[in-house]
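Residue numbers for the sequence shown, in numbering that gives the first Met the number 0: 0 to 522. To start, the structure under review is shown below, and the notes come after it.
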Amino acid sequence: MRRASRGAAAALALGLFAAGCGGTGTGGSSGDGDTVTIAIPSDPSNLNPMTTLVSYATMMNRFSYDSLINIRPDGRIASGVAEKWSSDAKSATFTLRRDVKCQNGEPLTAADVAAQYNHIVDPANKSPLYGLVVPPGVTATADNEAGTVTLESSQPTPFLLRGTSMLRLVCPSSLKDSDKLGHTSDGTGPFRLAEVVAGDHFTFVKRPGYTWGPDGADNSALPDRVVFKVVGNESTRTNLLLSGQLDIAAVMGADRARLTAAGIKAVIERDPLGMLLFNEAPNRVTADARVRRALLSAVDLKQIGAVATGGKGMAPLRLGITMGPPCTEDSVTGHLPPHDPAQAAALMREAGWKKSGGHWSKDGKQLSISMPYPGVFGTQLVSAVELAVKQWESFGVKVSIQPTTASTNASILMGGQWELAWAPISVTTPDQILPFFSGPKPPEGLNFGSLDNPEYQRLVGEAMAKPDIAGCPEWTAAESELIKRADVVTFVDSMTPYFVRGYSFELDGGGVVPSSLHKVGGR
Numbered sequence: 000m001r002r003a004s005r006g007a008a009a010a011l012a013l014g015l016f017a018a019g020c021g022g023t024g025t026g027g028s029s030g031d032g033d034t035v036t037i038a039i040p041s042d043p044s045n046l047n048p049m050t051t052l053v054s055y056a057t058m059m060n061r062f063s064y065d066s067l068i069n070i071r072p073d074g075r076i077a078s079g080v081a082e083k084w085s086s087d088a089k090s091a092t093f094t095l096r097r098d099v100k101c102q103n104g105e106p107l108t109a110a111d112v113a114a115q116y117n118h119i120v121d122p123a124n125k126s127p128l129y130g131l132v133v134p135p136g137v138t139a140t141a142d143n144e145a146g147t148v149t150l151e152s153s154q155p156t157p158f159l160l161r162g163t164s165m166l167r168l169v170c171p172s173s174l175k176d177s178d179k180l181g182h183t184s185d186g187t188g189p190f191r192l193a194e195v196v197a198g199d200h201f202t203f204v205k206r207p208g209y210t211w212g213p214d215g216a217d218n219s220a221l222p223d224r225v226v227f228k229v230v231g232n233e234s235t236r237t238n239l240l241l242s243g244q245l246d247i248a249a250v251m252g253a254d255r256a257r258l259t260a261a262g263i264k265a266v267i268e269r270d271p272l273g274m275l276l277f278n279e280a281p282n283r284v285t286a287d288a289r290v291r292r293a294l295l296s297a298v299d300l301k302q303i304g305a306v307a308t309g310g311k312g313m314a315p316l317r318l319g320i321t322m323g324p325p326c327t328e329d330s331v332t333g334h335l336p337p338h339d340p341a342q343a344a345a346l347m348r349e350a351g352w353k354k355s356g357g358h359w360s361k362d363g364k365q366l367s368i369s370m371p372y373p374g375v376f377g378t379q380l381v382s383a384v385e386l387a388v389k390q391w392e393s394f395g396v397k398v399s400i401q402p403t404t405a406s407t408n409a410s411i412l413m414g415g416q417w418e419l420a421w422a423p424i425s426v427t428t429p430d431q432i433l434p435f436f437s438g439p440k441p442p443e444g445l446n447f448g449s450l451d452n453p454e455y456q457r458l459v460g461e462a463m464a465k466p467d468i469a470g471c472p473e474w475t476a477a478e479s480e481l482i483k484r485a486d487v488v489t490f491v492d493s494m495t496p497y498f499v500r501g502y503s504f505e506l507d508g509g510g511v512v513p514s515s516l517h518k519v520g521g522r
């Protein structure tokens with residue numbers, strides 16, 4: 000589950016980016032001109048910015064779609080399609096640039112932007128972006144003559160302005176027929192999607208005349224083409240990079256040592272990785288908080304996190320927040336359950352379970368849990384999952400695991416046939432995580448674990464009534480409440496190195512920032 004503008008970062012991060020590189024390099028098979036190739040762990044299966052919940056798909060979409068504003072890596076708000084903006088607790092107004100054009104040459108108007116927001120809000124459209132990218136209760140109005148779009152909320156929405164950086168703006172010709180955007184593009188971004196070879200690569204070609212990037216940046220110095228290549232194996236990524244066939248590769252495992260030894264530099268991005276979400280539906284054993292706490296205390300989360308990151312991870316400070324969070328207080332430390340199998344056993348007995356023959360059982364049924372996990376994050380994460388399974392089974396729990404892919408992750412979580420999911424969620428503001436831990440359950444909402452934590456909801460209510468970072472103490476307390484009740488735990492962040500040859504770029508929590516991608520030196 001991983002990320003995007005930083006904004007698109009949040010854009011649904013039901014899967015970390017975990018990208019790597021592969022491809023042809025400059026002047027390769029994509030044709031004449033400067034081509035940079037960026038690999039992804041698997042085929043995202045859907046690039047439609049109106050429907051995709053896959054984080055590296057939202058990162059790819061940044062190359063062909065703009066947003067109203069941009070959030071820079073240092074947290075500063077920069078221009079996008081909008082050149083001016085203002086906001087308060089319930090509204091935000093944007094003045095659009097007059098020179099922004101869609102791929103077909105038509106101008107993007109204020110009415111076009113408002114129409115997309117209202118399309119997402121309309122219940123008839125059942126948009127997965129509603130409540131996550133576009134807050135509930137938001138309506139949009141436009142004044143084409145003035146070039147302004149105003150978003151108004153029926154309730155306080157503290158990060159309304161910042162949140163607009165997440166929505167990839169679709170041109171009006173595709174708004175009501177967006178299914179085609181799974182394999183083509185129709186935006187105002189610096190590139191257009193020119194070629195899709197399913198399971199292999201996606202080629203983006205630079206558009207002429209683009210001048211409305213962050214802070215008014217143009218795309219003249221950007222590569223002519225950007226190719227996203229499906230390269231799932233880290234050793235393969237490493238070999239291709241070392242042989243000069245790659246440009247950028249994210250490598251987290253042991254192969255990173257070969258790249259470092261070869262003098263290849265890396266840019267580091269911090270991402271949520273170790274996150275366990277419980278299913279608290281009434282028909283699941285994990286509906287009992289004592290069972291949840293027991294399962295967590297039965298395993299050594301610190302050790303599991305070390306395995307998942309090759310010993311190079313960091314302890315999380317926030318729940319699912321990527322780089323540059325608006326709230327910087329620590330909501331995690333001191334709230335994670337300690338590794339204490341004896342205490343875990345006491346909790347199980349308190350919950351009415353008995354241990355016999357090395358297994359816990361209740362009412363004649365053995366304690367059994369199912370855990371989906373992201374299967375595209377490499378061998379280190381698989382080893383960490385196997386270690387967790389070994390520790391749970393040693394404690395007396397029967398465990399079945401199920402790897403997920405970009406195309407199966409959401410459907411498996413929404414299906415609800417699991418007790419515990421390894422499901423890292425990446426967001427950029429605390430309110431973006433709300434749909435995952437409160438509100439409607441699937442298929443109406445994204446509350447996969449059927450959570451109902453009254454104290455969390457109370458604290459969120461207090462936080463929502465305060466503008467922007469003024470509510471950070473309440474947001475921090477709300478996140479801590481989820482961890483204390485064992486609704487979810489976050490126990491390790493990855494420090495993902497993006498190894499690079501011949502280019503410079505910035506990372507902002509949403510992957511490579513398109514406007515920052517520049518060729519350096521000779522190739």
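Glycine is no exception: its CB is placed at the ideal position from the N, C-alpha and C atoms.
Distance between T140 and L450, taken at the CA atoms: about 34 Å. The Cβ atoms of D467 and P157 sit closer than 8 Å to each other.
Under DSSP, the beta-bridge partners assigned to I267 are P496. In this structure, DSSP gives I119 a helical state, which the three-state scheme calls helix.
Going by DSSP, Q401 is part of the beta strand (DSSP E) stretching over 397-403. Within its own chain, the residues whose Cβ lies closer than 7 Å to the Cβ of Q416, once the five positions on either side in sequence are excluded, are S369, listed in chain order. A direct Cα-to-Cα measurement between K465 and D430 gives close to 12 Å.
Contact between the stretch 280-299 and the stretch 386-402 is present: 3 or more CB-CB pairs across the two stretches fall below 8 Å. Excluding the 5 residues flanking it on each side, D142 has same chain C-beta neighbours closer than 7 Å at A109, in chain order.
Under the three-state reduction of DSSP, P127 is assigned to coil, being neither helix nor strand. With respect to the C-alpha of P281, the residue from R484, G448, T51 having the closest C-alpha is G448.
Residue range 378-394 is occupied by the alpha helix (DSSP H) that includes V384. In the structure shown, the three-state DSSP call for T156 is coil. Annotation: W352 to V396 spans about 11 Å, alpha carbon to alpha carbon. DSSP, reduced to helix, strand and coil, places A38 within a strand of the structure shown. DSSP places T428 outside both helix and strand once states are collapsed to three, so it counts as coil.
A Cβ-Cβ contact shorter than 8 Å links T321 with D270. Under the DSSP assignment, T94 falls in the beta strand (DSSP E) whose first and last residues are 90-95.
The stretch 30-48 and the stretch 234-248 touch, with no fewer than 3 CB-CB distances between them shorter than 8 Å. A Cβ-Cβ contact shorter than 8 Å links L272 with G312. Closest option to G186, judged by alpha-carbon separation, among L159, D246, S479, R61: R61.
Between the stretch 260-269 and the stretch 73-90, the count of Cβ pairs shorter than 8 Å is below three; the stretches do not touch. Rounded to whole angstroms, the gap between the alpha carbons of G377 and G252 is 8 Å. By the CB criterion at 8 Å, Y497 and V133 fall outside the cutoff.
Residue pairing by DSSP places H358 opposite S355 in a beta bridge. Boundaries for K483: no beta strand (DSSP E) harbours it, while the alpha helix (DSSP H) harbouring it runs 471-483, taken from the DSSP string.
Ranked by Cα distance from T210, the options A81, T403, V53 are led by A81.
Taking the C-beta atoms as reference points, L128 is found no nearer than 8 Å to M59. Going by DSSP, M413 is part of the alpha helix (DSSP H) stretching over 408-414. Contact between L412 and P439 does not hold, since their C-beta atoms are separated by about 14 Å, which reaches or exceeds 8 Å. The C-alpha of A114 is placed about 44 Å away from the C-alpha of G304. When secondary structure is reduced to three states using DSSP, G304 falls in the helix class. For E151, the CB contacts under 6 Å within the same chain, skipping 5 residues up- and downstream, are S90, T138 in chain order.
At a Cβ-Cβ threshold of 8 Å, G501 and D246 count as neighbours. For the stretch 311-356, the continuous beta strand (DSSP E) assignments of 3+ residues that do not extend past its boundaries occur at 353-355, in sequence order. Only exposed fits N103, as fewer than 16 other CB atoms lie within 10 angstroms of its CB.
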